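**Q** Could you have a look at this structure, given as structure tokens, before my questions?
Right, here's the structure in full:
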């Protein structure tokens, strides 16, 4: 089997897999799962659906982007959810790292597009897990209830194949399109990505926080009705 550097198993500042709450969360989700694949899938589904996705009202401070901080809020956007999945995997002995890509979003709320002033999500975050000798991409961003409102199937993960984003919604319309890869990282490259957010989304970032809190799922539901 291909070896992997132990750095991908160690806790970091953001991927704080040594925090007692992260340890308890990860262990509670794997229960009687035996194989690494089974554990990885269980952790993916837990992070995907336990943590509600929202791009609004998010604290972008260093402290708030830690895996343990997300467990206090139980809501966040793609990057902290990817960080939590990476931390949970390291707890149970699965090597993990973070990946980032720019993606074009063909379906989002009109209000959010007007705030972003673009349909590109810069530095969309996902997790890479080392399973059965290879790195596999997993994207736990959109929880099941939000997918229902967006009329897309929840993104699944089987541990063997990359799981990125749905290319089409349930009606056959184009949904997400990856346009640029930024590589993978042992820990969250905070300064690089926050500066990119500030320059790319001047109306969305306000005093170190994402735009004011709103009911994102409710907003999506209203626009789809």
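In the working numbering, the protein residues as written are 193 to 417. Where is the CB? At the ideal position from N, CA and C, for every residue including glycine. A quick note: this is a predicted structure, and the numbers were derived from the prediction, not measured.
1) Reducing DSSP to helix, strand and coil, say where residue 350 ends up.
2) For residue 328, list the residues DSSP reports as bridge partners.
3) Within the same chain, show all residues whose beta-carbon is closer than 8 Å to that of residue 252, passing over the 5 residues directly before and after it, in chain order.
4) What is the residue span of the alpha helix (DSSP H) that residue 231 lies within?
5) Whose C-beta lies closer than 6 Å to the C-beta of residue 332 among residues of the same chain, with five residues either side of it excluded?
6) With DSSP collapsed to three states, give me the class of residue 200.
7) Do residue 223 and residue 286 have their C-beta atoms closer together than 8 Å?
8) Applying the 10 Å Cβ sphere with the 16-neighbour rule, what's the burial state of residue 266?
9) The beta strand (DSSP E) spanning residue 258 covers which residue range?
**A** Here's the rundown:
1) Translated into positions along the chain shown, residue 350 becomes position 158. Looking at residue 350 - three-state DSSP - the assignment turns out to be coil, as it is neither helix nor strand.
2) Within the chain shown, residue 328 is the residue found at index 136, counting from 1. 321.
3) On the chain shown, position 60 is the one that residue 252 refers to. Within the same chain, residue 252 has close Cβ partners 386, 389, 397, 400, 401 and 402.
4) As a working note, residue 231 is residue 39 in the chain shown. From DSSP, the alpha helix (DSSP H) with residue 231 extends over 228-242.
5) Translated into positions along the chain shown, residue 332 becomes position 140. Counting only Cβ-Cβ distances below 6 Å, and skipping sequence neighbours, we find 236, 239, 240, 273 and 277.
6) The count along the chain shown starts at 1 and reaches residue 200 at position 8. Helix, per DSSP.
7) Counting from one through the chain shown, the residue named residue 223 turns up at place 31. Counting from one through the chain shown, the residue named residue 286 turns up at place 94. No, the Cβ-Cβ distance between residue 223 and residue 286 is not below 8 Å.
8) Along the chain shown, read from residue 1 onward, the residue named residue 266 stands at position 74. Counting every other CB atom within 10 Å of its CB across the protein chains shown gives residue 266 a total below 16, marking it as exposed.
9) Residue numbering aside, residue 258 sits at position 66 when the chain shown is read from its first letter. Per DSSP, residue 258 lies in no beta strand (DSSP E) and is assigned neither H nor E.
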